[in-house]
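Just so we're aligned: the sequence shown equals residues 1 to 394 in this note's numbering.
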Amino acid sequence: MHSATPSPRCLYCGNQPVSHRATWINQSFTILMTPWDRFVSRNRVTRSLERLIDVGMGLVFRLLRRVGVVKNNMDPAAAPSSRGAVLMEEAIRRGIPIRNLVVAGRPVDWYEAFIRGRRVMFEGLPRPIRTASLAWLDDKLLLKRTLESAGIPVPHGGSFSRWEDARERFKTLQKPVIVKPRLGSRGRHTTTFVHTEEQLAHAFRTAKQLCHWVIMEEHLTGSVYRGTVIGGKLAGVLAGDPPRITGDGVHTVEELVALKNASKPSGITDALITPATQPFLERQGLSLQHILPAGITIDLTEKIGVNYGGASREVTDETHEEIKKVMEAAGRVVNDPIIGFDFIIENISADPAEQHWGIIECNGVPFINLHHDPLMGTPRNVAKDVWDLWEPIS
Numbered sequence: 001m002h003s004a005t006p007s008p009r010c011l012y013c014g015n016q017p018v019s020h021r022a023t024w025i026n027q028s029f030t031i032l033m034t035p036w037d038r039f040v041s042r043n044r045v046t047r048s049l050e051r052l053i054d055v056g057m058g059l060v061f062r063l064l065r066r067v068g069v070v071k072n073n074m075d076p077a078a079a080p081s082s083r084g085a086v087l088m089e090e091a092i093r094r095g096i097p098i099r100n101l102v103v104a105g106r107p108v109d110w111y112e113a114f115i116r117g118r119r120v121m122f123e124g125l126p127r128p129i130r131t132a133s134l135a136w137l138d139d140k141l142l143l144k145r146t147l148e149s150a151g152i153p154v155p156h157g158g159s160f161s162r163w164e165d166a167r168e169r170f171k172t173l174q175k176p177v178i179v180k181p182r183l184g185s186r187g188r189h190t191t192t193f194v195h196t197e198e199q200l201a202h203a204f205r206t207a208k209q210l211c212h213w214v215i216m217e218e219h220l221t222g223s224v225y226r227g228t229v230i231g232g233k234l235a236g237v238l239a240g241d242p243p244r245i246t247g248d249g250v251h252t253v254e255e256l257v258a259l260k261n262a263s264k265p266s267g268i269t270d271a272l273i274t275p276a277t278q279p280f281l282e283r284q285g286l287s288l289q290h291i292l293p294a295g296i297t298i299d300l301t302e303k304i305g306v307n308y309g310g311a312s313r314e315v316t317d318e319t320h321e322e323i324k325k326v327m328e329a330a331g332r333v334v335n336d337p338i339i340g341f342d343f344i345i346e347n348i349s350a351d352p353a354e355q356h357w358g359i360i361e362c363n364g365v366p367f368i369n370l371h372h373d374p375l376m377g378t379p380r381n382v383a384k385d386v387w388d389l390w391e392p393i394s
């Protein structure tokens, strides 16, 4: 059953709950319309119309400023997102006049910059070159097919709307598998470590709550990395981990979680034991009362990042050169100047040809701020790379 409103009690949404019903309708409809959207966006008439719309929006915002509905925010600290803040900070350092739009007293993710006398309005990130619609990048199946056809590694699997089809394909895949909505982000309604048909049935129902179509693919081992490609070059690689514990042969899983929280670095949220924790552990053959053998490390949830008790670290300098080449090749396939690829690999410093790895998702409006403020590692000024894209424009 779909929840009509976002609920913080949803075990599968995590700390970013959404309306199940509204999300299901939106994501399912988006998948149906994406092929048409891609076709229309490539049309020259459509591209010209989009430019006219941009001009029109600029006029509308100027009019709304005059009547006081829209105001300007010049302070990066008051930007609506950390991504916007780092963009504004770098623009100010470079002498680019920039302002964030405040609508009815609320900052929104729209910005206005003036580059060499040119007014540039953008949402999220400034793209100097118009490409075809990026909506298709959120469709995990279309992305997988596009990358795979170009020889870019992706995990084996597929998209399913019927349980019977998913069950039959499950029999052919290496276990465990991961199951998630075909559209979506932040790991909502994603189930990992699926080994059995019973577990698959529950994971399938969970993913179907947010989308008519479900992605099932082989579970890759390792950290989840965000490779941000700007202007065809890999600008940064950030590793993200779920909360993890390592056994000592003495303490139970539950005790190890408490010890982890007591000694965690500042900036990391406590790893929580929720009603979803026990089923997650059971899929790994464990329980809260299990004494974890010394040296064995396990995940505590599918959710990744410091907000769940996990970690982040900037690892660009450690990334193997062949991985960098693959990321940049993927950027050429997608053909957009600013893109973020999520991939999983066991050893970021080793030759990828000797590992089972792949790109799992793509983000057309990546949170470049993640590279600026990692929990560990050397920060990278990716906002600089974004504004560098505008240098040739006069």
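The beta-carbon is built from N, C-alpha and C at its ideal position, and this holds for glycine as well. These figures come from a predicted structure and were not determined experimentally.
Asked: In whole angstroms, what separates the C-alpha of residue 159 from that of residue 171?; Found: 15 angstroms
Asked: Which word fits residue 78, buried or exposed, when buried means at least 16 other C-beta atoms lie within 10 angstroms of its C-beta?; Found: exposed
Asked: Classify residue 404 as helix, strand or coil using the three-state DSSP reduction.; Found: This structure gives no information on residue 404, because the portion of the chain shown stretches from 1 to 394.
Asked: Looking at the secondary structure, which residues open and close the alpha helix (DSSP H) in which residue 349 lies?; Found: Run containing residue 349: none; DSSP gives neither H nor E here.
Asked: State buried or exposed for residue 68, treating a residue as buried only when at least 16 other CB atoms are found within 10 Å of its CB.; Found: exposed
Asked: Just to confirm, is the Cβ distance from residue 240 to residue 269 under 7 angstroms?; Found: no
Asked: Note down the Cα distance separating residue 222 from residue 330, rounded to an integer number of angstroms.; Found: 20 angstroms
Asked: Any Cβ of chain C within less than 7 angstroms of the Cβ of residue 66?; Found: Looking for chain C here will not work: only one protein chain is present.
Asked: Who are the Cβ neighbours of residue 294 in its own chain at under 6 angstroms, not counting the five residues just before and after it?; Found: 247, 248 and 249
Asked: With three or more C-beta pairs closer than 8 angstroms as the rule, is the region 313-321 touching the region 367-380?; Found: yes
Asked: Would you mind sorting residue 185 into buried or exposed? The rule is 16 or more other CB atoms within 10 Å of its CB.; Found: exposed
Asked: Short check: CB of residue 60 to CB of residue 103, under 7 angstroms?; Found: no
Asked: Taking the alpha carbon of residue 224 as the point to measure from, which residue in 340, 111, 281 and 163 has its own alpha carbon closest?; Found: 340
Asked: Which residues share a DSSP beta bridge with residue 362?; Found: 341
Asked: Near residue 150, which residues of its chain fall below 6 angstroms by C-beta distance, leaving aside the five closest residues on each side in sequence?; Found: 333
Asked: Hey, residue 97 and residue 85: beta-carbon distance below 7 angstroms or not?; Found: no
Asked: Where do the ends of the beta strand (DSSP E) carrying residue 238 lie?; Found: 233-241
Asked: Assess contact between the region 270-287 and the region 335-354, defined as three or more Cβ pairs (one per stretch) separated by less than 8 angstroms. Is contact present?; Found: no
Asked: Going by the CB atoms, is the gap between residue 382 and residue 235 shorter than 7 angstroms?; Found: yes
Asked: Taking a contact to mean a Cβ-Cβ separation below 7 angstroms, would you say residue 387 touches residue 94 in this structure?; Found: yes
Asked: Quick check on residue 90: buried or exposed, where buried means 16 or more other Cβ atoms within 10 Å of its Cβ?; Found: buried
Asked: How long is the line joining the alpha carbons of residue 191 and residue 278, rounded to whole angstroms?; Found: 13 angstroms
Asked: Just verifying my parser: in three-state terms, what is the DSSP assignment at residue 282?; Found: helix
Asked: Excluding the 5 residues preceding and the 5 following residue 125 in the sequence, name in chain order all residues of the same chain whose CB lies nearer than 6 angstroms to its CB.; Found: 338 and 365
Asked: Determine the contact status of residue 318 and residue 348, defining contact as a CB-CB distance below 7 angstroms.; Found: yes
Asked: Residues in the same chain with beta-carbon distance under 8 angstroms from residue 163, minus the five sequence neighbours each way, listed in chain order, please.; Found: 201 and 204
Asked: Helix, strand or coil, according to DSSP, for residue 18 in the structure here?; Found: coil
Asked: First and last residue of the alpha helix (DSSP H) that includes residue 253?; Found: 253-263
Asked: So, at 7 angstroms on beta carbons, what are the nonlocal neighbours of residue 152 in its own chain, with the 5 sequence-adjacent residues on each side left out?; Found: 326, 329, 330, 333 and 359
Asked: So is residue 287 buried or exposed if we call it buried at 16+ other beta carbons inside 10 Å?; Found: exposed
Asked: So, is residue 262 buried or exposed, given that buried needs 16 or more other C-beta atoms within 10 angstroms?; Found: exposed
Asked: Can you give me the start and stop residues for the alpha helix (DSSP H) that residue 125 sits inside?; Found: From DSSP, residue 125 is part of no alpha helix (DSSP H); its letter is neither H nor E.
Asked: Would you report the Cα separation of residue 148 and residue 177, rounded to the nearest angstrom?; Found: 19 angstroms
Asked: Determine the burial state of residue 144: buried for a count of at least 16 other Cβ atoms within 10 Å of its Cβ, exposed for fewer.; Found: buried
Asked: Please identify the residue among 92, 107, 105 and 135 whose C-alpha is closest to the C-alpha of residue 114.; Found: 92
Asked: Here's a check: name, in chain order, each residue in its chain whose Cβ is nearer than 7 angstroms to the Cβ of residue 281, leaving out the five neighbours to either side.; Found: 253, 287 and 288
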